[in-house]
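In our numbering, the protein residues as written are 32 to 372.
Beta carbons are placed, not taken as given, at the ideal position from N, Cα and C, and that holds for glycine.
The model shown is predicted, which means the values in this text are computed figures rather than measured ones.
Everything on this sheet refers to the single structure shown next.
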């Protein structure tokens, strides 16, 4: 008995056999005589109509086995064009229970001149008993969005032809957390349509990696970059440059030397964060992304990252009226915080 659960939509029925041990079990069946279509979920199929018949095709054995001459020009009284198997030998089993044909002594010397042929039979359609239960009805069932964000970096000694290097783990759909009750109630093909979230740590890693990849070092600079805290500052060109002196003691010398440096810019901290696992002192804990669906979650992440990097890369101009104590934006860009729910 095949027990099928289905989701009815305007495109047809998405079907699954939850108690099957094989993810593609339903793919081998015919539904109302037609092959099912694959769906965006590997262990689910799509059929256009509610099934009244489920069947599968069984291959039947070939019939009319015989031996015929490979070269029909050799045909003679001693070598007929066609030989029946029961005339020239017997079918037996070898030590591994495989069936083999053994020629008798009279015809064994001629077996290399003959080849075995047979006639195929058409496949046989076998109907199955089944239960078909519609568990949900929806207007449309959309596939989940492709969630894939570069996150934490780590050293992998197997990349770069075994020489090792820095690799990146991605936050994907499998990383998204859903409520336990939703995972119990809803089948896997629907879980992306339920409320979901990313942790503060995952959000921290996504934001940190995105900033490092797309920051414009002409206008901003990462001033703190750790697994537990992260900080970005704007580079603000000064209205009036000035020189400053400082002492530096080179290696191998006892007395310091005085060097003069031209100062033409200053830094203004504009973004900082930690996560709720590390809670590094003095830094703001970034909130994890939350949404009603995975599609909404992805849109929320994309919008936040876009706004954040635009804000970071927006040039600042030193205010000429406050003697280096204020800055001016070249255009109106709203500040972005660590709160985005």
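Is the beta carbon of residue j closer than 8 Å to that of residue i?
{"i": "residue 56", "j": "residue 48", "result": "yes"}
{"i": "residue 39", "j": "residue 219", "result": "no"}
{"i": "residue 411", "j": "residue 119", "result": "Residue 411 lies beyond the residue range present for the chain, which begins at 32 and ends at 372; the question has no answer from this structure."}
{"i": "residue 132", "j": "residue 114", "result": "no"}
{"i": "residue 343", "j": "residue 263", "result": "yes"}
{"i": "residue 78", "j": "residue 161", "result": "no"}
{"i": "residue 35", "j": "residue 164", "result": "yes"}
{"i": "residue 63", "j": "residue 92", "result": "no"}
{"i": "residue 229", "j": "residue 302", "result": "no"}
{"i": "residue 110", "j": "residue 65", "result": "no"}
With DSSP as the reference, label residue i as helix, strand or coil.
{"i": "residue 29", "result": "Nothing can be reported for residue 29: it is not among the residues displayed for the chain, which extend from 32 to 372."}
{"i": "residue 359", "result": "Unreliable placement is indicated for residue 359, whose pLDDT of 49 sits below 50; the coordinate value is still reported in the next sentence. Three-state DSSP puts residue 359 in a strand."}
{"i": "residue 233", "result": "helix"}
{"i": "residue 48", "result": "coil"}
{"i": "residue 284", "result": "coil"}
{"i": "residue 148", "result": "strand"}
{"i": "residue 65", "result": "strand"}
{"i": "residue 318", "result": "coil"}
{"i": "residue 205", "result": "helix"}
{"i": "residue 156", "result": "strand"}
{"i": "residue 258", "result": "coil"}
{"i": "residue 90", "result": "coil"}
{"i": "residue 140", "result": "helix"}
Can you check which of these residues, the options, is closest to residue i by C-alpha distance?
{"i": "residue 149", "options": "64, 322 and 95", "result": "95"}
{"i": "residue 241", "options": "153, 111, 275 and 180", "result": "180"}
{"i": "residue 200", "options": "44, 208, 191 and 186", "result": "186"}
{"i": "residue 384", "options": "59, 92, 73 and 45", "result": "This structure cannot speak to residue 384, because the chain is shown only from 32 to 372."}
{"i": "residue 330", "options": "267, 175, 210 and 208", "result": "175"}
{"i": "residue 158", "options": "127, 91 and 84", "result": "84"}
{"i": "residue 177", "options": "71, 292, 305 and 61", "result": "71"}
{"i": "residue 184", "options": "190, 236, 212 and 231", "result": "236"}
Residue range of the alpha helix (DSSP H) that residue i falls in?
{"i": "residue 325", "result": "325–344"}
{"i": "residue 181", "result": "Per DSSP, residue 181 belongs to no alpha helix (DSSP H); it is in the beta strand (DSSP E), 179–187."}
{"i": "residue 119", "result": "116–119"}
{"i": "residue 214", "result": "211–216"}
Who are the Cβ neighbours of residue i in its own chain at under 7 Å, not counting the five residues just before and after it?
{"i": "residue 173", "result": "none"}
Please list, in chain order, all residues of the same chain as residue i whose beta carbon is under 6 Å from its beta carbon, the five residues on each side excluded.
{"i": "residue 309", "result": "259"}
{"i": "residue 60", "result": "85 and 87"}
Start and end of the beta strand (DSSP E) containing residue i?
{"i": "residue 190", "result": "From DSSP, residue 190 is part of no beta strand (DSSP E); its letter is neither H nor E."}
{"i": "residue 134", "result": "130–134"}
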